[in-house]
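**Q** Heads up: the protein sequence lines correspond to chains A and B, in order.
The numbering used here puts the first residue of the first sequence at 1, with every later residue one more than the last.
The numbering used here puts the first residue of the second sequence at 1, with every later residue one more than the last.
What follows is a structure written as structure tokens; I'll ask about it next.
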Amino acid sequence: MMPEAAIEFRGVWKGFHRHTGRLLLRSQVGNWISGRREVEKFYALKDLSFRMEHGESVAVVGANGAGKSTLLSLVAGLAPADAGAVAVNGQVAALLELGSGFHPDLTGAENVRLNAALLGIHRERMKEIYPAIVEFAEMGDFMDEPLRTYSAGMIMRLAFSVAVNVDPDILLIDEVLSVGDHAFQLKCFEKVFQFRQRGKTILCVSHVSSMVQQLCSRALWLDHGELMLDGSIAEVCGAYEGSSSVQG
Amino acid sequence: MAASAPSFRPIVARPRSRWTGDYLFLIQNLILKDIRVRYRNMSLGVLWSLLNPLVMMGVLWFVFTKIYDTKIPHFAVFALCGLVPYNVFTLSWLTGTTSLVESATLIKRVPVPREIIPISAVLGNCVHMSCQLVLLLLLVALTFGGVNRYWIFLPVVWFLEILFVVGLALISAGLNVYVRDVRYVVESANLVLFWLVPIFYPLSMIPMQFREIYRFNPVAALVLASQRILVEGVYPQTSLLLQLAASSILVCALGFVVFRKLRTGFYNYL
Numbered sequence: 001m002m003p004e005a006a007i008e009f010r011g012v013w014k015g016f017h018r019h020t021g022r023l024l025l026r027s028q029v030g031n032w033i034s035g036r037r038e039v040e041k042f043y044a045l046k047d048l049s050f051r052m053e054h055g056e057s058v059a060v061v062g063a064n065g066a067g068k069s070t071l072l073s074l075v076a077g078l079a080p081a082d083a084g085a086v087a088v089n090g091q092v093a094a095l096l097e098l099g100s101g102f103h104p105d106l107t108g109a110e111n112v113r114l115n116a117a118l119l120g121i122h123r124e125r126m127k128e129i130y131p132a133i134v135e136f137a138e139m140g141d142f143m144d145e146p147l148r149t150y151s152a153g154m155i156m157r158l159a160f161s162v163a164v165n166v167d168p169d170i171l172l173i174d175e176v177l178s179v180g181d182h183a184f185q186l187k188c189f190e191k192v193f194q195f196r197q198r199g200k201t202i203l204c205v206s207h208v209s210s211m212v213q214q215l216c217s218r219a220l221w222l223d224h225g226e227l228m229l230d231g232s233i234a235e236v237c238g239a240y241e242g243s244s245s246v247q248g
Numbered sequence: 001m002a003a004s005a006p007s008f009r010p011i012v013a014r015p016r017s018r019w020t021g022d023y024l025f026l027i028q029n030l031i032l033k034d035i036r037v038r039y040r041n042m043s044l045g046v047l048w049s050l051l052n053p054l055v056m057m058g059v060l061w062f063v064f065t066k067i068y069d070t071k072i073p074h075f076a077v078f079a080l081c082g083l084v085p086y087n088v089f090t091l092s093w094l095t096g097t098t099s100l101v102e103s104a105t106l107i108k109r110v111p112v113p114r115e116i117i118p119i120s121a122v123l124g125n126c127v128h129m130s131c132q133l134v135l136l137l138l139l140v141a142l143t144f145g146g147v148n149r150y151w152i153f154l155p156v157v158w159f160l161e162i163l164f165v166v167g168l169a170l171i172s173a174g175l176n177v178y179v180r181d182v183r184y185v186v187e188s189a190n191l192v193l194f195w196l197v198p199i200f201y202p203l204s205m206i207p208m209q210f211r212e213i214y215r216f217n218p219v220a221a222l223v224l225a226s227q228r229i230l231v232e233g234v235y236p237q238t239s240l241l242l243q244l245a246a247s248s249i250l251v252c253a254l255g256f257v258v259f260r261k262l263r264t265g266f267y268n269y270l
């Protein structure tokens, strides 16, 4: 028997309804009267299967609308699959949740507490990691000012700092390594790299970039919801770049 | 490799929340956020929340003592006894109903248990409305010169009321995600409720055949219980309390069950 995978997808389908007017009462009543039950569906993921071991770092590449973000939201447990099985073993934190619940009228400190609570941090643990969050974000005296007085870069730094201090088993990254100025980006990248060295699992969605190629050893190429290629990062990136340069 | 849409479900995927956080810590933070955001930019703060029931009380007092000659003693306090529970109920229900749609970005990005959002919206509202309750209790104590021993039933009655609103808000908030018109239904229902809850008329004026229905409506039951405890200074009746408990617990349980069914589609509809 194979050891337990960190993430496993078996024949996963995920579809969305087309959205024209469906949130209005008259369209619901109309459908009900005309007996139209099945609404046209658009599939973001089609029969997707893959398996990731603990400690692996995998990149998902593909054009816009290939289903990359849908894939991450299934792993994060935000949406159920329509068919197939999704298995995730370990605590997941997603860097696609940057700044969830941030409110401009609350101070930095209040926002950090709320955001961390949303990400699932317990009261006692919050006390332990709070100094680390402030230090990593390089916020110092600003924590008691309302968030609306912050610059965009400061807000992103704070959000990133909370997210990385959750210390999960599986880290999901959605194009967020473009936070703040160059120096802070390097710092974030280093933090993620440390993650990998501690044997954590990383799933990373990105357009091809040198950072991703350094971070990940394996890649999945999605195209219109279908898995085109699953292989080493060099092989997949080469094939993906080749195909997009032909098309575009 | 042309994949076609699945016509059957080989393995049914269980939508399970992977959120293992601290429920109390989160609810506390969400409520604090509600309160802080509401009051931080207000110069008069809590006064606004007190002004609304006081103005309504004044208007009702004018209409029913100066225009219609009501027989109800202490009419102003009597009306406030109905207004405060009514206000708490309607505002909490409406805030709860719209809470999911307003937190759409949150729900699409954090796997936090969805129930938490309407529940903390309702609780936050109750905390914020508690100043109205304090105002009511103060006025009653001033008018009647102190408290009576039946006041110990007030926490019970209010607890049941909160259970009822939570259940109702879970259902309406869930439905509001699928059909956005639900909030207007709630607004209209609240308007109708103002007349169907004995705020400015006593239960004794209601014809016998309708009285039982009134007592099963938890909002009316809460108002009746408050009037009996605060104005008449009598025991709120075991049967009334039992009916209030039965309907509140039932609605609350139903709310959780219905919400569980509704939440699987939230991601697609928000």
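Cβ atoms here follow ideal geometry from the backbone N, Cα and C, with glycine treated the same way.
According to DSSP, is A:HIS190 part of a helix, a strand, or is it coil?
**A** According to the sequence displayed, residue 190 of chain A carries Glu and not His. Helix at A:GLU190.
**Q** Beta-carbon within less than 8 Å of B:SER49's beta-carbon, same chain only, minus the 5 sequence neighbours each way: which residues are those?
**A** Closer than 8 Å at Cβ, skipping near neighbours: HIS128, MET129, CYS131, GLN132.
**Q** Can you give the Cα-Cα distance for A:TRP13 and A:ASP82, rounded to whole angstroms?
**A** Going from the Cα of A:TRP13 to the Cα of A:ASP82 covers about 5 Å.
**Q** Buried or exposed: which applies to B:VAL166, given that a residue is buried once 16 or more other Cβ atoms fall within 10 Å of its Cβ?
**A** When all chains shown are included, B:VAL166 counts as buried.
**Q** How many Å lie between A:MET143 and B:ALA79 at the Cα?
**A** Cα to Cα, A:MET143 sits roughly 46 Å from B:ALA79.
**Q** Could you tell me whether the Cβ atoms of B:TRP19 and A:GLY120 are closer together than 8 Å?
**A** Yes, Cβ-Cβ distance for B:TRP19 and A:GLY120 is below 8 Å.
**Q** What residues in the segment 92-113 of chain A bring their beta carbon closer than 8 Å to a beta carbon of chain B?
**A** For the segment 92-113 of chain A, which is checked against every Cβ of chain B, the residues closer than 8 Å are VAL92, ALA94, LEU96, GLU97, SER100, GLY101, HIS103, ASP105, LEU106, GLU110, ARG113.
**Q** Mind checking the segment 75-88 of chain A against chain B and listing, in chain order, the residues whose C-beta falls within less than 8 Å of any C-beta there?
**A** So the close ones are ALA76, GLY77, LEU78, ALA79, PRO80, ALA81, ASP82, ALA83, GLY84, ALA85, VAL86, VAL88.
**Q** Measure the C-alpha to C-alpha separation of A:LEU172 and A:GLU8 and round it to an integer number of angstroms.
**A** Their backbone Cα atoms lie some 14 Å apart in a straight line.
**Q** May I ask you to report which of helix, strand or coil DSSP gives B:VAL59?
**A** B:VAL59: helix per DSSP, three-state reduction.
**Q** Any idea if B:MET1 is buried or exposed, counting beta-carbon neighbours within 10 angstroms, 16 or more meaning buried?
**A** Below a pLDDT of 50, predicted positions are generally treated as unreliable, and B:MET1, at 39, falls in that range; no measurement from the model is reported.
**Q** With a threshold of 8 Å between beta carbons, is B:ARG260 in contact with chain A?
**A** No - not a single Cβ of chain A is within 8 Å of the one on B:ARG260.
**Q** Would you list, in chain order, the members of the segment 104-126 of chain B that have their beta-carbon closer than 7 Å to a beta-carbon of chain A?
**A** Residues passing the 7 Å Cβ filter: LEU106, LYS108, ARG109, VAL110, PRO111, VAL112.
**Q** For B:ALA141, which of helix, strand or coil comes out of DSSP?
**A** Of the three classes helix, strand and coil, the one that applies to B:ALA141 here is helix, per DSSP.
**Q** Going along chain B, which residues have a C-beta under 7 Å from A:GLY120?
**A** Per Cβ cutoff of 7 Å: TRP19, THR20, GLY21.
**Q** Is B:THR95 near B:VAL55, with beta carbons less than 8 Å apart?
**A** It is not a contact, given that the beta carbons lie outside the stated cut-off.
**Q** What residue does the beta strand (DSSP E) around A:ILE155 start on, and which one ends it?
**A** Counting along the chain, A:ILE155 falls outside any beta strand (DSSP E), though it belongs to the alpha helix (DSSP H) covering 152-165.
**Q** Considering just the uninterrupted stretch of the beta strand (DSSP E) at A:TYR43, what are its terminal residues?
**A** First-last of the beta strand (DSSP E) with A:TYR43: 41-52.
**Q** Determine, using beta carbons only, whether B:THR98 comes closer than 8 Å to chain A.
**A** Chain A, which has no Cβ nearer than 8 Å to the Cβ of B:THR98, makes this no.
**Q** So B:ILE162 is in the alpha helix (DSSP H); what residue range does that whole segment cover?
**A** Element bounds for B:ILE162: 153-178.
**Q** Would the segment 69-87 of chain B and the segment 194-201 of chain B be scored as touching if the rule is three or more Cβ pairs under 8 Å?
**A** Output reads yes: the segment 194-201 of chain B touches the segment 69-87 of chain B.
**Q** Taking A:TRP13 as part of the alpha helix (DSSP H), name the residues at either end of that continuous run.
**A** Where A:TRP13 is concerned, there is no enclosing alpha helix (DSSP H), although the beta strand (DSSP E) it sits in stretches over 7-17.
**Q** Quick check: the segment 244-262 of chain B against the segment 191-198 of chain B, are there 3 or more CB pairs under 8 Å?
**A** With a cut-off of 8 Å, the segment 191-198 of chain B and the segment 244-262 of chain B do not count as touching, because too few Cβ pairs lie within range.
**Q** Within the 8 Å Cβ cut-off, does A:ARG148 reach chain B?
**A** Judged by the 8 Å Cβ criterion, A:ARG148 is not in contact with chain B.
**Q** Just curious, the alpha helix (DSSP H) that A:ASP230 is in, first and last residue?
**A** A:ASP230 -> not in any alpha helix (DSSP H); beta strand (DSSP E) instead, spanning 226-232.
**Q** Which bits of chain B does A:PHE16 rub up against, with CB to CB less than 8 Å?
**A** In chain order: ASN268.
**Q** Flag this pair as yes or no: are the beta carbons of B:PHE25 and A:ARG51 separated by less than 8 Å?
**A** The answer is no: Cβ separation not under 8 Å.
**Q** Checking the sheet assignment: what are the DSSP bridge partners for A:SER57?
**A** Looking at the DSSP assignment, A:SER57 forms a beta bridge with A:ILE202.
**Q** Measure from the alpha carbon of B:ILE35 to the alpha carbon of each residue in B:TYR235, B:ASN125, B:GLY174, then state which is nearest.
**A** Among B:TYR235, B:ASN125, B:GLY174, the Cα nearest to that of B:ILE35 belongs to B:ASN125.
**Q** Do you know whose CA, among A:ALA219, A:ASP169, A:MET228, A:HIS182, lies nearest A:LYS46's CA?
**A** If we check each option's Cα against that of A:LYS46, A:MET228 comes out closest.
**Q** Interface residues of chain B around A:ALA6 at Cβ under 8 Å?
**A** The contacting residues do not exist; A:ALA6 stays about 13 Å from chain B at best.
**Q** Can you tell me whether DSSP reads A:ILE170 as helix, strand or coil?
**A** Strand, per DSSP.
**Q** Spatial neighbours of A:ASP141 within its chain, please: CB distance less than 6 Å, with the 5 preceding and 5 following residues excluded, ordered by chain position.
**A** Contacts found: none.
**Q** For A:ALA219, return the contacting residues in chain B, with the cut-off set at a CB-CB distance below 8 Å.
**A** Near A:ALA219 there are no residues of chain B at all, since even the closest Cβ is about 19 Å away, more than 8 Å.
**Q** So, A:ALA137 versus A:LEU95, is the Cβ gap smaller than 8 Å?
**A** No, Cβ-Cβ distance for A:ALA137 and A:LEU95 is not below 8 Å.
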